[in-house]
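Working notes, beginning with the structure itself.
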Amino acid sequence: MALLDVKNLSIDIHGIRPLDGISFHVDKGEILGIVGESGSGKSLTALSVMGLLPLIGGRIERGTITFDGTELTTLPEPAFRKLRGRRIAFITQNPMTSLDPVMRVGAQIDQVARLHLKLDAKAAQVRSIEIMEKLRIPEAATLYHHYPHQLSGGMKQRIVIAMALAADPDLIIADEPTTALDVTIQAQIIDLLVELVRDRDLALILITHDMGVVAQTCDRVVVLYAGRIAESHAVQAIFANPRHPYTKALIRCIPREDTVPGSLTGIPGAVPSVAHYPSGCRYHPRCARRGPPCDGIVPALDRPMGGGEIACHFPEGMGNVHV
Amino acid sequence: MSDLVTLRGLGKRFESRKGLFGKARAMMAVSDVTLDIPRGKVTGVVGESGCGKSTLARLVLRLLEPSAGEIQFDNVNLRALSAPTLRRLRRRMQMVFQDPYSAIDPRYSMADALLEPFQIQGIKLGAAEARAKVESLLAMVGLGAQMATSYPHQLSGGQRQRIGIARALALEPDFLVLDEPTASLDVSIQAQIISLLEKLQAELGLTYLFISHDLGLVRYFCDRIVVMYLGRVVEILPDPQAAPRHPYTRTLLESNFVPDPTQRREIRRLTGEIASAFDLPPGCAFAARCPNADDLCRRVRPELITDPGGHASACHHPL
Amino acid sequence: MSLIIDTQAGAGQSFRRSVAGKVLLTPKGGISGCYLICLVLLALLAPWLTPYPYDVQELSIASQAPSLAHWLGTDEFGRDVLSRIMYGARTSLSVSITAISVSVLVGMTLGAVAGYFGGMFDRFVTAAVDLSWSFPEILIALILVAIIGPGLHSTMLAIGIAYLAQFTRLTRAQILGLKNETFIEATRNLGASHGHIVFRHLMPNALAPVIICGMLATGDAIILEATLGFFGLGAQPPVPSWGAMMSSGTAQIFKAPWIIIFPGLAVAVTVIMINLFGDALIRALDIRAKLREG
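Following this line, the structure appears as structure tokens:
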């Protein structure tokens, strides 16, 4: 049984359904990528697993979320609180807003260990500095006493990661952890996360819009489009042989060494808003391979022989384009 | 003359004061940039935050007043121009901004926004002429004529950026500065916009100065690449595929996430941070993060030296 | 540029229509809006609507309680209170609206120039605004009236100057926030002059919060005008003003309370209605956040 197993998850926010039948799982020592453009439901997936949907007025409509044998969808809030931050940690996109500006960064890391591991102040400090050193924060003992505004963006994100690690979690969910950072710093942070997963046998869910980051780090990928799964598979298979037209187009949006000038086209149109989801396959208005059933019939999530999942009436490598 | 814009020793100094009685601190946002921007080509400027690329973009158009150096635009010395002459010349050099969400006045309809350039430049258009102009500009950037009556809040980010481009093209300029035009857009929309810019450049023979933090994108889109680090040009690649000579350029290249899992990069234990532009070291600004740095690098700043092939780099120990 | 003008006028009309709709269709906005319209009509048409002249004294019917002949009673000189309240509305409204309008116009200009150009002028304006904010409006108005003497014009001037700082400050804050928006830089890059930027982009975007603020200040100005009138520093007899009427009523507050109560009610209800209308307008224009900045 996987560490985290999400099955057929649908959520409801004020009468609309921004996530519809999402399933995925992630195991220890594994990195799962959840990719999609803005508005695809990536962040809502993270909030659902963290049990934070009520904060934005949402609820789980259908489906199960099983974490290490515990069913999370029915878990009462006090029990969830013992899990959140302790066994499941969350790293957000913007390190600037996830740190308290009037509290020393060291104390913010201490807080997590003191709350969840019941350490005393002294032990928590020793442990925090240890974690900071492991994250290769230079002069950790000095920086421990700094305030967030005294640190650079990359350093702040390291502190946020240190907070996530403070209670020794089993699963980390990172929602676009590097989007706000500079290119070289972004690479450092991503490398750090990959290393942590390998060294500590953690499970990591990496939420991103960047197919490049996915290719370089993930073991498996779930591609979301407008609240549904378009395709999921092992990372090599997805990049070598993308079967959903959306996956293929998304990969092609990033120029590579061998991309011929003038051949970058992007995907026409834009992700529809939740209130205006088209009927049938939600990708069909932007799809080059669409055919007669696409605008009326929702494609079922298929599990073909070669592994993975795909929801498309006309997957790539399967006959001609229908007009 | 094949260069549309030439910059000679361009610099910009900002001063800031901490508190009322604090000591004034000076920061060189851009120092000593000498650069030729060839006509009809795409020149890319790449670098991370604080490298001065956005300041450079504004200096080139004299939206910011340079503290040093010269700007020649089509053999006219921009710094010597009076304000009214400069205002008239602006129709030949335009800019597309990073944030499409705040680049259009929220109270202007798209037709108003697209006609404003003509109004500002004192070009009189009849009603029918104006309508035709709006429609042709919208068509040029791939938007339908019905868009003319919409307001910014009704448009998506990609559509707004298209309007930003159409507005910049309204006066038929020769030179377009693109300041990270896709940085706040989704990848699928980024690719749309880049493809549109490619098409327009080919059709209208425009000269672009493309500012970006994404070396992968710059290598795809540009004919020439200028790499900046903390206010200075550290390398100029005459050809986007040329092998980097400056270690910083190599670091940027290696930080790029190639969308191919079979070409995984090895994990590097680089920990350096970008230095503050307020207290720059006397030597090479990159020395603190450079694996090849020695004593010389920390003491003496390397000059930008151009080889006969047009490849320039500022490094004591080029790769 | 007829198309620009056309589309802007069109947009302006539908804009006004929709905002008016949003204001008047709420209970708050509807009631206060109707009251204010009626009040303005009463004030404008007072010479034709009043049952009695406001200034003819008839001591034989002095201090009579409300009756069918005199709905709101008569004052100590036998003048009809209702007629005097209607004329008083003329004074009150004309003084406060004129004073605030001029104050808004001057304040917007000062604030816009200071905010847009900055420099020495900005420092001077900011210092002056800060200085005037450290005194209550009533004190400033009293000092000014003391210097230039009582009367309608000096009341207007005093109120206008007392509120000037508020509008200057709000406009300056709006302009400071707006001038760093990308669309301002984009417009400058098209070769636009300072005038174009200020009048076509900055002012229209800064207008709504300043208008609301002016609306609410009009309510305060009515109180200030009544206060000055109460102390005999406002409109001089026989011109009726609500404040002066209340002042004259104090002598018989127990014997003939209607003389003081009805003008007092007129002030209170009008100010409440103006505030309600302002509230409705804030909601309709959705500019709460912008007001907080100021």
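Line by line, the protein sequences are chains A, B and C.
Positions in the first sequence are counted from 1; adding 84 to them yields this note's numbering.
So that you can map any letter, position 243 of the second sequence is 230 in this note's numbering, and since no number is skipped, the others follow by simple counting.
Positions in the third sequence are counted from 1; adding 4 to them yields this note's numbering.
All C-beta atoms in this analysis are idealised placements derived from N, C-alpha and C, irrespective of residue type, glycine included.
In the displayed model, Asn209 of chain C falls within a helix according to three-state DSSP. For Ile118 of chain A and Val90 of chain A, the gap between their C-alpha atoms comes out near 13 Å. In the three-state reduction of the DSSP assignment, Leu103 of chain A falls in the strand class. Taken through DSSP and simplified to helix, strand or coil, Met187 of chain A comes out as coil.
Taking the beta carbon of Glu185 of chain C as reference, the chain B residues within 8 Å of it are Ser89, listed in sequence order. In the three-state reduction of the DSSP assignment, Arg211 of chain A falls in the helix class. Annotation: the continuous beta strand (DSSP E) that includes Ser316 of chain A extends over 312 to 318.
The three-state secondary structure of Arg251 of chain B, taken from DSSP, is coil.
Close partners of Pro104 of chain B in chain C (Cβ separation under 7 Å): Leu194.
With a threshold of 7 Å between beta carbons, Met215 of chain B makes no contact with chain C.
Leu(-3) of chain B sits in a strand when the DSSP states are folded into three classes. At least one C-beta of chain A is nearer than 7 Å to the C-beta of Thr238 of chain B. The shortest CA-to-CA distance from Ala251 of chain A to any of A:Thr292, A:Lys206, A:Gln195 is the one to A:Gln195.
Classified as exposed, Ala115 of chain B has fewer than 16 neighbouring CB atoms from the shown chains inside 10 Å of its CB.
Cβ neighbours of Leu308 of chain A within its own chain (closer than 8 Å, five residues either side excluded): Ile106, Ile118, Val119, Gly120, Ser124, Gly125, Lys126, Thr129, Ala314. DSSP, reduced to helix, strand and coil, places Arg26 of chain B outside both helices and strands of the structure shown, so it counts as coil. Residue environment: Ala384 of chain A is assigned as exposed (fewer than 16 neighbouring CB atoms within 10 Å of its CB, all protein chains considered). DSSP places Phe244 of chain B outside any alpha helix (DSSP H), giving it a letter other than H or E.
CA-to-CA, the gap between Gln192 of chain A and Leu202 of chain B works out to about 36 Å.
Beta-bridge annotation (DSSP): Ser94 of chain A is paired with A:Arg146.
Taking a C-beta cut-off of 8 Å against chain B, the contacting residues of the stretch 254 to 271 of chain A are Asp266, Val267, Thr268, Ile269, Gln270, Ala271, listed in chain order. Look at the stretch 28 to 107 of chain B and you find these whole runs of beta strand (DSSP E), each 3 residues long or longer: 29 to 33, 55 to 60, 80 to 83. A distance below 7 Å separates the beta carbons of Arg88 of chain C and Tyr58 of chain C. Of all alpha-carbon atoms in C:Gly247, C:Ile65, C:Gly119, C:Ile286, the one lying nearest the alpha-carbon of Gly155 of chain C is that of C:Gly247.
The alpha-carbon of Arg237 of chain B is positioned some 23 Å away from that of Cys337 of chain A.
Taking one beta carbon from each stretch, the stretch 187 to 194 of chain C and the stretch 79 to 90 of chain B have 3 or more pairs nearer than 8 Å; the two touch. With respect to chain A, the C-beta atom of Phe84 of chain B has no partner C-beta closer than 7 Å. The stretch 241 to 307 of chain A contains, as complete beta strand (DSSP E) runs of 3+ residues, the segments 255 to 259, 287 to 292 (chain order).
About 13 Å separates the Cβ atoms of Arg149 of chain B and Val121 of chain B, ruling out a contact at the 8 Å cut-off. From the beta-carbon of Glu189 of chain C, the residues of chain B found nearer than 9 Å are Arg45, Leu50, Met82, Phe84, Ala90. With a cutoff of 7 Å on beta-carbon distance, Leu280 of chain C and Lys26 of chain C are scored as not near each other. Residue state for Glu167 of chain B is assigned as coil, using DSSP reduced to three classes. When beta bridges are read from the DSSP output, Phe108 of chain A appears opposite A:Val90. Put simply, the CB of Gln108 of chain B is near chain C, with a gap under 7 Å to one of its CB atoms.
When rounded, the separation of the alpha-carbon atoms in Leu146 of chain C and Pro267 of chain C is 22 Å. Under the three-state reduction of DSSP output, Met389 of chain A falls in the coil class, being neither helix nor strand.
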